Amino acid sequence: MLVQRLRPYSTSVFGEISQLAVTHGAIDLGQGFPDYEGPRAMLDLAREAIATGINHYTSPKGQPELRAAIVAERSRRSGEQYDAATEVVVTAGATEALTASLLGLVEPGGEVILIEPFYDSYPAAVALAGATARTVAMVADCDGFTLDLDELRRAITPRTRALVLNSPHNPTGSLLSEKDLRTIAELACEHDFLVISDEVYEHLVFDEIPHASIASLPDMRQRTIVVSAPAKTFNVTGWRIGWALGPAPLIHAVHAAKLYLTFVPPAPFQPAIAYALEREQDWAAANRAALQGKYRLLSNALRHLGFDVKRSAGGYFVCADVGTDGTAFCRDLPSRAGVAAIPVAALSTRPDWNTLVRFAYCKRDATLHEAIARLGA
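In this note's numbering, the protein residues as written are 276 to 652.
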């Protein structure tokens, strides 16, 4: 009975692999969630909010203090200015922000360009909007990946309405270069399409490289929706808080769709996130440095085990070529080695990625050492 446009998305590889991890008592390096907690003061504020009655409907756009904190943090870090009253909406996670953007701004029959491989919610959100996904591939670049700009040019048609951008990129960990961003911006302006920029890993770029948003480029602010969330920055992936930033007409469209998805974002977590954005940037910086160390630990171990490990510039993930069918490898791994990982083929429509496997390194060092020992055995 499921409608045809959603049939390809009726199951999720993340659910399948996570269940295998539970069944076999495996260490889950598949889903991108940390096994250590975020800033203590932030967690305490959430507990206090629940205890003092912040448990009911709030503004559908998000509590004013959180919206103010979001735009203030953006201004301090990048100099980009947004109006807290009209140019930001708080959502139930970044996935809702992205989905609401497509529902509110892309008519059925329009085309949306996705960069492949992609986070699995992207094509499902395009299908929900009744639109058509056209994909552009990441291609090999020494020991990593880069965007195929020539294929991007060929993918644009008169029906192109939006492009979904993600940097640092999930699953490959690639960081789009300034040239990539400028080329995308030029094409967006030339062909008059929107950019939805998924920036949930904006605070997790390695080597002290500042995160660059396409919204900061000339003529792009008025045609870009920036999507972000505290989930990865402050280790609260289950709180389901996210937001969309952009010019008022675009945010109005996002808000109109969001109203009929979840109506309001979770109330008790919003004051805690506002506090973290204002007061816990040192914690975020220390966590970023720790994550880079975890990436090196896991990638070096995978390389020592004989895998072709790809470069990651930030985020939560490292990819390795296992030299065989990656899907079969990942389905067998929890029972065989007591470790879970995600086949990149499940995040793509092309056979090129069939031997690539994504591992999450956002775990305690003790967890990673145990996973490495199991893989080695």
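Just so it is clear, CB atoms sit at the ideal spot from N, CA and C, and this is done for glycine as well.
Given the structure is predicted, the values throughout are model-derived calculations rather than measurements.
Tell me, to the nearest whole angstrom, how far the beta carbon of Ala-619 is from that of Cys-594; I am working on the premise that it is less than 8 Å.
-> Here the sequence assigns Val to residue 619, which means Ala is not the residue at that position. Indeed they touch by this definition, with Cβ atoms about 6 Å apart.
Integer Cβ distance of Thr-630 from Gly-590, believed to fall under 8 Å = Going by Cβ atoms, the distance from Thr-630 to Gly-590 rounds to 21 Å, so no, they are not a contact pair.
Nearest to Tyr-535 by CA position, among Ser-376, Arg-315 and Phe-509, is which residue?
-> Ser-376
If we ignore side chains and look at the alpha-carbon of each, how far apart do Tyr-570 and Val-475 end up?
-> 18 Å
Cβ shell of Ala-321 (< 7 Å), same chain only, five flanking positions each side left out | Pro-543, Phe-544 and Ala-547
Taking the runs of the alpha helix (DSSP H) that are 4 residues or longer, which of them lie wholly in the stretch 576-623?
-> 601-612
Report the option in Leu-566, Pro-335 and Ala-400 whose CA atom is closest to the CA atom of Gly-448.
-> Leu-566
Under the DSSP definition of a beta bridge, which residues are partnered with Glu-391?
-> Ala-412
In angstroms with no decimal places, state the Cα-to-Cα distance between Thr-407 and Asp-640.
-> 42 Å
Proximity of Leu-469 and Arg-436 at Cβ, strictly below 8 Å | yes
Per DSSP, what kind of secondary structure is Trp-628 in: helix, strand or coil?
-> helix
Host beta strand (DSSP E) of Ser-503 (start-end) = 499-503
Exposed or buried, which one is Ser-350 when buried takes at least 16 other CB atoms within 10 Å?
-> exposed
Is it true that the CB of Thr-366 sits closer than 8 Å to the CB of Ala-372?
-> yes
Just to confirm, are Ser-472 and Ile-489 a CB contact at a threshold of 8 Å?
-> yes
Are Ala-588 and Leu-450 close, meaning C-beta to C-beta below 8 Å?
-> yes
Identify, in the order they occur along the chain, each residue of the same chain with its Cβ nearer than 7 Å to the Cβ of Arg-563, setting aside the five sequence neighbours on each side.
-> His-478 and Leu-479
Following the continuous alpha helix (DSSP H) through Phe-289, name the residue where it begins and the one where it ends.
-> 288-299
Among Ala-506, Leu-577, Asp-596 and Pro-522, nearest to Tyr-311 - alpha-carbon criterion = Ala-506
Please list, in chain order, all residues of the same chain as Lys-336 whose beta carbon is under 8 Å from its beta carbon, the five residues on each side excluded.
-> Arg-342, Val-363, Val-364, Val-365 and His-530
Are Val-411 and Phe-420 closer than 8 Å when you measure CB to CB?
-> no
Could you spell out where the alpha helix (DSSP H) holding Gly-385 opens and where it closes?
-> No alpha helix (DSSP H) contains Gly-385, which DSSP labels as neither H nor E.
May I ask you to report which of helix, strand or coil DSSP gives Arg-515?
-> coil
Rounded C-alpha distance that separates Ala-326 from Leu-492 = 44 Å
At which residues does the beta strand (DSSP E) containing Arg-475 begin and terminate?
-> What sits at residue 475 in the sequence shown is Val, not Arg. Element bounds for Val-475: n/a, residue is neither H nor E.
Give me whichever residues DSSP pairs with Gly-653 in a beta bridge.
-> The structure shown does not extend to residue 653, since the chain spans only 276 to 652, so no value can be given for it.
Residues sharing a beta bridge with Phe-634, DSSP = Val-593
Straight-line gap, Glu-465 to Arg-498 (C-alpha atoms, nearest Å) | 12 Å
Since Arg-436 is in the beta strand (DSSP E), which residue starts that stretch and which ends it?
-> 435-441
Give the secondary structure of Asp-303 by DSSP, where H, G and I count as helix, E and B as strand, and everything else as coil.
-> strand
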